[in-house]
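Quick note, the sequences are listed as chains S and G, same order. Count along the first sequence from 1, add 1005, and you get the number used in our numbering. Count along the second sequence from 1, add 1005, and you get the number used in our numbering. Ideal Cβ positions, reconstructed from N, Cα and C, are used throughout, including at glycine. Just so you know, these numbers come straight off a predicted model, no measurement behind them. The structure under discussion appears below in the form of structure tokens.
Protein chains: 2
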Amino acid sequence: MYKLVELDSGVCAAEGFYADGVSAGLKAKGAKDMAFIYSDTLCNIASVFTTNKMAAAPIKHFKAKGDFQTNFVFINSKNANAMTGSSGVSDIEEILSTLPNTLVNPLMSSTGVIGVRLPKEKIINGTKLFDLSMKNPHSAAQAIMTTDSFSKEKAFRVELEDGSAFHIGAMAKGAGMINPAMATMLCFITTDADAPVNEMQKMLDEATVTTFNAASVDGDTSTNDTVMLFANGKSGAYHKEAFAEALHAIMLFLAREMVRDGEGATKLVTYNVTGAKNDVEAERVAKALSDSLLVKTALYGEDPNWGRIASTVGASGVEADEATLTIKFNDLCVYERGKLLFNAEMEKEAAAIMKLSEFTISCDLGIASGAFTAFGCDLGYEYVKINADYRT
Amino acid sequence: MYKLVELDSGVCAAEGFYADGVSAGLKAKGAKDMAFIYSDTLCNIASVFTTNKMAAAPIKHFKAKGDFQTNFVFINSKNANAMTGSSGVSDIEEILSTLPNTLVNPLMSSTGVIGVRLPKEKIINGTKLFDLSMKNPHSAAQAIMTTDSFSKEKAFRVELEDGSAFHIGAMAKGAGMINPAMATMLCFITTDADAPVNEMQKMLDEATVTTFNAASVDGDTSTNDTVMLFANGKSGAYHKEAFAEALHAIMLFLAREMVRDGEGATKLVTYNVTGAKNDVEAERVAKALSDSLLVKTALYGEDPNWGRIASTVGASGVEADEATLTIKFNDLCVYERGKLLFNAEMEKEAAAIMKLSEFTISCDLGIASGAFTAFGCDLGYEYVKINADYRT
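Structure representation (structure tokens):
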């Protein structure tokens, strides 16, 4: 047995990790716009990147390096270094070459405007402000924000049965993948667990499917999406199931926080799809629901319009039948296997559920046992305002 | 050779067709809510229906009938007769059984709220108001409107080289597939061409791909989408290429009108995708662009944010590379095969194009020769208003 103890911390929860945020003048008014994470011993790395074919320069730079260990990553906001071609990659190399030699295989990550070269001089000057002895995880989490309205951090101490313990903590940014000029989701996870790197990569891949990849603000996939897990092994402790559980819990929390902070969002909705032909079809339905403009505007209007749910299930391309479909808002069943249950009284009950800031919509397809859970938000005026008025 | 002459008409342009709209009390304030189309001789039928697995009762009723000819179809707005199960189909049979025997294999089509049984008595009383001698195509086109802000009709007289001629005309409704309670696109086409039914079905299928299926307001597919083509052969004239061209022109016009009338839309944008690996991948990109919230809100904000275009191309899952991609707003090239062309001056030019009510965004993927053209609109406050406030 093991125990997960939540800590009020982020990327510095694990032993040997340091982090801070500084202002390099990329954002206006002296706001923090560059963050670093430093480990006093070398780290193994597990990572997941965007599937966007226009993957940004930092991702190309990372992927070109092959297997390696590192003790340093820094992140700038305000410029994504995307659609900048080979110049984008050589800009990174030039910037990284100015760092002290004590930083081994240093990495860079970016988020912000697409299609503009990095302001190299500002960024190089910014790196000179980094103090590697600082443990300010919250300051780092703030520096990587773009349209986020709050910073996102989570950490656990994992206590094992034999009295040993390890730590895992993370910071993330992303207020929707909806604004490609300010689009990206980034997540950096640090741990002092003594985790085998292959096992860690596999757990990261698996956890991504049901956390970040199950979360949608607008169904878009940015050029810069990045999840990186750094493990320095300093605790000497490790337990596979405990690590997997803590990793998943952190990623799920951060994924849900991102949706909650979706641009203009007022509600966090969980879509529980069951009874599909298989898990892949269940995922397709859950994502169709979380991405549907129909459904998202109904949520915003707090309108228990179950017909939009049914129509979206039917349009998602999976095996489905009105005679076997069941739809619930939380525990309230509004449509059951061909029976029209909805009436004025039920509409009142359903409308009350839709006024909650967080609730669940369940669809049982009644065909087989495929299941998937996705997270989405509503779409209101504020979303349009943020995205239509961004550059004007 | 042949000549297409545009007529100021709709579904009564072809010889022997009659149509009208009446008020059966389904809509408020005596607005027209039921339309019929009658032919004084029997018609062959070609049809295309929604791919939504929750296809509405009228579609199930039609598909269960097998091959047949008819001389009558009527349409009600305000109630979609969808998610109503076998009761929905028996309601149709009951209603149709009350019609005069002179109507052979009569058909019914519906659009409106999902998940509510048809008000049978009102509808049966409504059918008694039909006067089969009327030629009021515009009145019929108005009666099938839901959230449409204008009715949609088009007709041609097609003059053949041998002096013979036939007619083809249509009416459609649909202001976006965005409101499932008022969702559907319906299109009814009539012709007196003496067209072989199999050839006609094939031409209808082909034309649908590049017209209605290339048009998107919000990427949703309703439970009731229907295109029906009725041919009574009365002109005795026919010419395959001329018929195909006229049919395609009518469907393209109506598809573009639907997008132009998209709920809250202020712009009609044509997405020209070329240079893709194949036509299927080009279609995927074109539809990803026309459905992207990123792109749609940038259009509304009149923001020439080409990075959103590039990111959406990259996220669409097709073979693509920033080194071979080229993006144009009308004839203005803003990104060319890895070269960042954009500057302040170009931004002004691009912004001027985006203020137009109609323009083209072209993406050449520079890979092979796959091509597809899609039509989309912007997404603004009015869209949210229409969809969030619908039932409240």
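CB contact check: residue 1032(S) to chain G, cutoff 8 Å: Contact of residue 1032(S) with chain G is not assigned, every C-beta pair being separated by 8 Å or more.
If contact means a Cβ-Cβ distance below 9 Å, which residues of the segment 1316 to 1335 of chain G contact chain S? For the segment 1316 to 1335 of chain G, which is checked against every Cβ of chain S, the residues closer than 9 Å are 1316, 1317, 1318, 1319, 1320, 1321, 1322, 1323, 1324, 1325, 1326, 1327, 1328 and 1330.
Short of 6 Å in beta carbon distance, which residues of its chain neighbour residue 1244(G), apart from the five on each side in sequence? Order them along the chain. Here the set comprises 1007 and 1165.
Collapsed DSSP secondary structure at residue 1185(G) in the structure displayed: Unreliable positioning characterises residue 1185(G) in this predicted model, as indicated by a pLDDT of 36, which lies under 50. The coordinate reading is nonetheless provided below. Of the three classes helix, strand and coil, the one that applies to residue 1185(G) here is helix, per DSSP.
At a CB distance below 7 Å, what residues from the segment 1024 to 1058 of chain S approach chain G? Give them in sequence order. In summary, the residues of the segment 1024 to 1058 of chain S whose CB is separated from some CB of chain G by less than 7 Å are 1057 and 1058, in the order they occur in the chain.
Just reading off the alpha helix (DSSP H) that residue 1358(G) is part of, what are its end residues? For residue 1358(G), the enclosing alpha helix (DSSP H) begins and ends at 1349 to 1359.
Please specify which runs of the beta strand (DSSP E), each continuous and at least 3 residues long, are wholly inside the segment 1077 to 1164 of chain S, giving them in chain order. Annotation note: the segment 1077 to 1164 of chain S contains the following uninterrupted beta strand (DSSP E) runs of length 3 or greater, listed N- to C-terminal: 1112 to 1118.
Could you give the residue range of the beta strand (DSSP E) that holds residue 1214(S)? Premise fails: residue 1214(S) lies in the alpha helix (DSSP H), 1202 to 1215, not in any beta strand (DSSP E).
Is the segment 1043 to 1055 of chain G close to the segment 1227 to 1238 of chain G, with three or more CB pairs under 8 Å? Yes, the segment 1043 to 1055 of chain G is in contact with the segment 1227 to 1238 of chain G.
Taking the alpha helix (DSSP H) that residue 1288(G) falls in, what are its first and last residues? Its alpha helix (DSSP H) spans residues 1284 to 1296.
Using a C-beta cutoff of 8 Å, does residue 1384(S) count as contacting chain G? Interface residue, yes.
Thinking C-alpha only, which one of 1047(G), 1028(G) and 1116(G) is nearest residue 1129(G)? Measuring from the Cα of residue 1129(G), the nearest candidate turns out to be 1028(G).
Since residue 1337(G) contacts residue 1355(G) with CB under 8 Å, what's their CB separation in whole angstroms? Approximately 6 Å separates the beta-carbon atoms of residue 1337(G) and residue 1355(G); this is inside 8 Å, confirming the contact.
Using three-state DSSP, classify residue 1426(G) as helix, strand or coil. Nothing in the structure corresponds to residue 1426(G), since chain G is present only between 1006 and 1397.
Within its chain, find whatever has a CB closer than 6 Å to the CB of residue 1279(G); leave out the 5 residues flanking it on each side and keep chain order. Answer for residue 1279(G): 1369 and 1376, listed in chain order.
What's the call for residue 1348(G), buried or exposed, on a 16-neighbour Cβ count within 10 Å? With fewer than 16 other Cβ atoms from the protein chains shown falling within 10 Å of its own Cβ, residue 1348(G) counts as exposed.
Under 8 Å between C-beta atoms of residue 1078(G) and residue 1193(G): Yes, these two residues count as a Cβ contact at 8 Å.
Would you check if the segment 1358 to 1365 of chain G and the segment 1326 to 1335 of chain G touch, i.e. whether three or more CB-CB distances between them fall below 8 Å? Enough Cβ pairs lie closer than 8 Å, so yes.
Does the segment 1254 to 1264 of chain S come within contact of the segment 1151 to 1170 of chain S, defined as at least 3 CB pairs closer than 8 Å? Result yes; three or more Cβ-Cβ pairs closer than 8 Å.
Given that a residue counts as buried once 16 or more other Cβ atoms are within 10 Å of its Cβ, and exposed if not, what is residue 1240(S)? It counts as buried.
Alpha helix (DSSP H) containing residue 1221(G): first to last residue? Counting along the chain, residue 1221(G) falls outside any alpha helix (DSSP H), and DSSP gives it neither H nor E.
is_contact[residue 1088(S), chain G] using C-beta, thresh 8 Å: Interface residue, yes.
Please go through the same chain and pick out, in chain order, the residues whose beta-carbon is closer than 6 Å to the beta-carbon of residue 1141(G), but skip the five residues on each side of it. Here the set comprises 1025.
Inter-stretch contact (C-beta, 8 Å, three-pair minimum) for the segment 1267 to 1281 of chain G and the segment 1382 to 1390 of chain G: For the pair of segments examined, the segment 1267 to 1281 of chain G was found to touch the segment 1382 to 1390 of chain G: the number of CB pairs separated by less than 8 Å reaches three.
With DSSP run on the structure shown, which of helix, strand or coil describes residue 1399(S)? Residue numbering for chain S in the displayed model covers 1006 to 1397; residue 1399(S) lies beyond these limits and cannot be assessed.
Only counting the same chain, and skipping five residues up and downstream in sequence, which positions put a Cβ closer than 8 Å to that of residue 1339(S)? If we look at residue 1339(S) and ignore the five residues flanking it on each side, its Cβ neighbours are 1309, 1311, 1332, 1333, 1346, 1347, 1351 and 1355.
Is the CB-CB distance between residue 1145(G) and residue 1040(G) below 8 Å? Yes, the Cβ-Cβ distance between residue 1145(G) and residue 1040(G) is below 8 Å.
How about residue 1264(S): is its C-beta nearer than 8 Å to some C-beta of chain G? Contact of residue 1264(S) with chain G is not assigned, every C-beta pair being separated by 8 Å or more.
Here's the rule I'm using: 16 or more other beta-carbon atoms within 10 Å means buried, otherwise exposed. How should residue 1197(S) be labelled? Within a 10 Å sphere around the beta-carbon of residue 1197(S) sit 16 or more other beta-carbons, which makes this residue buried.
With residue 1064(S) as the anchor, note down where its beta strand (DSSP E) starts and where it stops. Here residue 1064(S) belongs to no beta strand (DSSP E); instead the alpha helix (DSSP H) covers 1062 to 1068.
Residues of chain S with CB under 9 Å from residue 1345(G), in chain order? For the C-beta of residue 1345(G), the chain S residues within less than 9 Å are, from N- to C-terminus, 1088, 1089, 1090, 1092, 1120, 1121 and 1122.
Would you check if the segment 1091 to 1109 of chain S and the segment 1054 to 1073 of chain S touch, i.e. whether three or more CB-CB distances between them fall below 8 Å? Between the segment 1054 to 1073 of chain S and the segment 1091 to 1109 of chain S there are three or more inter-stretch CB-CB distances shorter than 8 Å, so the stretches are counted as touching.
Proximity winner among 1047(G), 1105(G) and 1287(G), relative to residue 1133(G) (alpha-carbon distances): Of 1047(G), 1105(G) and 1287(G), the smallest CA-CA separation from residue 1133(G) is found for 1105(G).
Neighbour-count burial assignment, residue 1071(S), 16 or more Cβ in a 10 Å radius: Looking at its Cβ environment, which holds fewer than 16 other Cβ atoms inside 10 Å, residue 1071(S) is exposed.
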